[in-house]
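Q: Provided herewith is a single structure, encoded as structure tokens, for subsequent inquiry.
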Amino acid sequence: MRRLTALLAAATVLLPVTLVSAPASAAAATAYLTVITYDRSGAKLKAPLHLINLDNGQEYQGTSLKAKKLKKGKYAVLTDVYSTKDGTDTLGARVLKVSGRTTTTIDARRGKPVKLALDKNPGDAFRQELRAQICADSDSSGTEIGAWNVPGKLFVIPNSSKRLQFAYSSNWSDGAMGNLWMVAGATKSAVPAGVSRTYRAASLATVTGWVKRGPAGSDNVSLSLEENTPCHAGYGASAFSGISPVVAKIHASPGRWRLEADWWGAESGGSSAHMGFDVRNLTLAAGKSYSRSFFSAAWGPGRSLPLMFSSTLRFDTSLMFTDPSYDEYSEASERSRVTLYNSANKVLKAQWRTDWEGKGPEFSAKIKKKGWYRLEVDARRYRPGITHPADMLSPRAQAIFGMKLNPKAKSRHADVILPRMVPAGLDMNNRARAGSSTVLEIRPDRRRNTPDLKLAKVTAKKVTAQVSFDNGRTWRSLPVKKVGGRWQATIQNPASGAVALRSRITTTKGEYAQVTIYRAYTVG
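Have a look at this one:
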């Protein structure tokens, strides 16, 4: 099967090896290493090698059965002995001092099987896959090598070194149709003489992944699960791949995991391009149930506040389209018109900023004197060559900041609070029922963007909300009430159409942040 071979840096592996060294006269700065690899039948077999000098961290690649010219030093050697004759993968590693001409052996016949099972069959439609990985760490870096295969075809050579870790996993997939079973484990040190373990299905956690449709730049999505540990086997397994929306059911062993959604857009030439990813970190307990959602309605500005670095005002436009349910990630496909005004409504600077292909999403402007300023950011989805869905939600978002700035003051985050709008009760297409009521939650968002900048305590004095049913041509004010540390408004939805949202939070000092999201959700 295909090998999963990754090299992150250097590793330290201690294992008795067979060495053949040249005479002392050959112990110069240059040395040669030959690795002899055998398959499970005892025949010599060429295998790819990854080598790391543990003294300086330099990486090399080579092939077994052929001398590799190296600098004298201590090396880690890792390989996956994959045989096309029997379709087996056998993972192995060695650490040795290389000087003169040195030879060592990695023999797949010493490999022990990796066996993982469930105590009940998840169904005839499910196919099992096994994965394994050896990890090794030096003082400053690490390396890893892994492989995947079907049951009965994956082996690992045991190793008692405390500098090694071993990880394993198995998944049962219905072909990414929305169901996945996955188990994983690891050793803190040493590589065991194989693995043989049966998991009780009742001991697994259940994760429901709600993959909604609407605000992403494409409805072609995938949902995958991956171990969230330093040493883990492989790169995750797919629970779903196709057109959203979907509700995926995942059963996984207790531990730390990453649930990731990715989406691809249609290019003008007919191919597809990766547009973004969103991650939910999970800590799962045995027998417990969890629920996580992706692509909630009302993508808009999140986390990013205007910053004052001495006399320079800066704003990062790359976070103008973030999911309000989890805004650590954003779709890097937008273009913003940023305009700075003074208190006399005079334009001080106007500039287009683009978050695509490294063209620079950050806006900056010199502030020459103390006073009131207004920063307007008008963002639209933008990705050359990509055709966005015709009914895409949140195609445009706007942020307006009214601030009192002082170029002589200490560098700081602007004293504003960003309103995050979260409409509740929508279906999997982020749609409300015709004529229904939607509760709009307004969450105050004021977080530190830059560790070294001051984030002063700011208090909200007034919160307003508005709604538009004609794409922002006219607006209706909504009554707002405070509920705990957040605010709520209720929207009476029309019979059909799209809904635009607007909210402003004004502080006790009169500074404010206003956010507008067009086509936040639909009705009917």
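Taken in order, the sequence shown gives residues -26 to -1, 1 to 498; the numbers are from mature numbering (1 follows the signal peptide of the UniProt record, and there is no 0). Cβ atoms here follow ideal geometry from the backbone N, Cα and C, with glycine treated the same way.
Determine contact between the region 346 to 357 and the region 366 to 375, defined as no fewer than three beta-carbon pairs at a distance below 8 Å.
A: The answer is yes - the region 366 to 375 touches the region 346 to 357, with three or more Cβ pairs under 8 Å.
Q: Q35: buried (16+ other C-beta within 10 angstroms of its C-beta) or exposed?
A: Q35 should be labelled exposed.
Q: What is the DSSP secondary structure of A1, reduced to helix, strand or coil?
A: Here the model assigns A1 a pLDDT of 44, short of 50, so the residue's position is not dependable, and the following value carries that caveat. A1 falls in the coil class under three-state DSSP.
Q: Considering just the uninterrupted stretch of the beta strand (DSSP E) at V221, what are its terminal residues?
A: Run containing V221: 220 to 226, per the beta strand (DSSP E) assignment.
Q: What number of angstroms, rounded off, separates the C-alpha of residue 504 from the C-alpha of L92?
A: No statement about residue 504 is possible, as the shown extent of the chain runs from -26 to 498 and does not include it.
Q: Per DSSP, V437 is paired with what?
A: DSSP output for V437 lists I479 as bridge partner(s).
Q: Please return the same chain residues whose Cβ sits closer than 6 Å to the Cβ of K382, not counting the five positions on each side in sequence.
A: Correct list: empty, nothing qualifies.
Q: Under the rule that 16 or more other beta-carbon atoms within 10 Å means buried, what is residue 504, buried or exposed?
A: Residue 504 falls outside the range modelled here, since the chain spans only -26 to 498, and no answer is possible.
Q: Quick one: residues in its chain with C-beta nearer than 6 Å to the C-beta of D81, no 5 flanking neighbours on either side, listed in chain order?
A: Y12, listed in sequence order.
Q: Would you identify the three-state DSSP class for T291, choosing helix, strand or coil?
A: T291 falls in the helix class under three-state DSSP.
Q: For a test of the three-state rule: what should DSSP assign to S177, helix, strand or coil?
A: Helix, per DSSP.
Q: Taking the alpha carbon of G126 as the point to measure from, which residue in Q102, G120, V72 has its own alpha carbon closest?
A: When each option's Cα is compared against that of G126, the closest is Q102.
Q: Bridge partners for E101 per DSSP, in chain order?
A: Glu is not the amino acid found at residue 101; the sequence shown has Arg there. The partner list for R101 (beta bridge, DSSP) reads S147.
Q: Verify whether the separation of the beta carbon atoms of F446 and A469 is less than 9 Å.
A: Residue 446 is actually Gly in this sequence, not Phe. For G446 and A469, no; Cβs fall outside 9 Å.
Q: Looking only at its own chain, which residues have a Cβ that is under 6 Å from the Cβ of S170, when we skip the five neighbours before and after it?
A: Here the set comprises K89.
Q: Between D401, T438, R394, which lies nearest to R417 when the distance is taken from Cα to Cα?
A: For R417, the nearest C-alpha among the options comes from R394.
Q: Helix, strand or coil for R187? Go by DSSP, reduced to three states.
A: If DSSP states are grouped into helix, strand and coil, R187 belongs with coil.
Q: Roughly how many angstroms lie between the CA atoms of V124 and P397, to the nearest whole one?
A: Rounded to the nearest angstrom, the two C-alpha atoms are 45 Å apart.
Q: Applying the 10 Å Cβ sphere with the 16-neighbour rule, what's the burial state of R327?
A: Flag for R327 reads buried.
Q: If you check the beta carbons only, do G191 and P363 fall under 9 Å apart?
A: Result yes, Cβ atoms of G191 and P363 sit closer than 9 Å.
Q: Suppose contacts are defined by Cβ-Cβ distances below 9 Å. Is F375 in contact with P280 by that definition?
A: Yes, these two residues count as a Cβ contact at 9 Å.
Q: For L233 versus V253, is the C-beta spacing smaller than 9 Å?
A: Cβ atoms of L233 and V253: closer than 9 Å.
Q: Decide if N133 is buried, meaning its Cβ has at least 16 other Cβ atoms within 10 Å, or exposed.
A: So N133 ends up on the buried side.
Q: Apply the 10 Å Cβ neighbour rule to P298 and answer buried if 16 or more other Cβ atoms are within range, or exposed otherwise.
A: By the 10 Å Cβ count, P298 comes out buried.
Q: Can you give the Cα-Cα distance for P22 and P275, rounded to whole angstroms?
A: Taking the straight line from one Cα to the other gives about 47 Å.
Q: Does the count of Cβ pairs from the region 58 to 66 and the region 33 to 48 closer than 8 Å reach three?
A: Contact between the region 58 to 66 and the region 33 to 48 is absent, because fewer than three Cβ pairs lie under 8 Å.
Q: Starting from the Cα of I131, find the closest Cα among L65, M151, Y486 and give me that residue.
A: The candidate whose alpha carbon is nearest that of I131 is L65.
Q: Specify, as a first and last residue, the run of the beta strand (DSSP E) that D63 falls within.
A: It spans 63 to 72 - the beta strand (DSSP E) in which D63 sits, taken as one unbroken run.
Q: Kindly indicate which three-state DSSP category A373 falls into: helix, strand or coil?
A: Strand, per DSSP.
Q: I believe A141 touches A160 by the beta-carbon criterion, under 8 Å. Please report the beta-carbon distance rounded to the nearest angstrom.
A: The pair is a contact, with the Cβ atoms about 4 Å apart (cut-off 8 Å).
Q: Within 10 angstroms of the Cβ of residue 500, are there 16 or more other Cβ atoms? Answer buried if so, exposed if not.
A: Summary: the structure shown does not reach residue 500, with the chain confined to residues -26 through 498, and so no result is reported for it.
Q: Run the CB neighbour count on P204, radius 10 Å, all protein chains shown included, and call it buried at 16 or more, exposed below.
A: Exposed: under 16 other Cβ atoms inside 10 Å.
Q: Work out the CA separation of A272 and F214 for me, nearest whole Å.
A: Roughly 24 Å between the two C-alpha positions.
Q: Tell me which residues share the same chain as T464 and place their Cβ nearer than 8 Å to its Cβ, disregarding the 5 neighbours each side in the sequence.
A: Once the five neighbours on either side are set aside, the close Cβ partners of T464 are S411, T412, V413, L414, L452, P453.
Q: What separation, rounded to the nearest whole angstrom, lies between the Cα atoms of D290 and D389?
A: About 16 Å.
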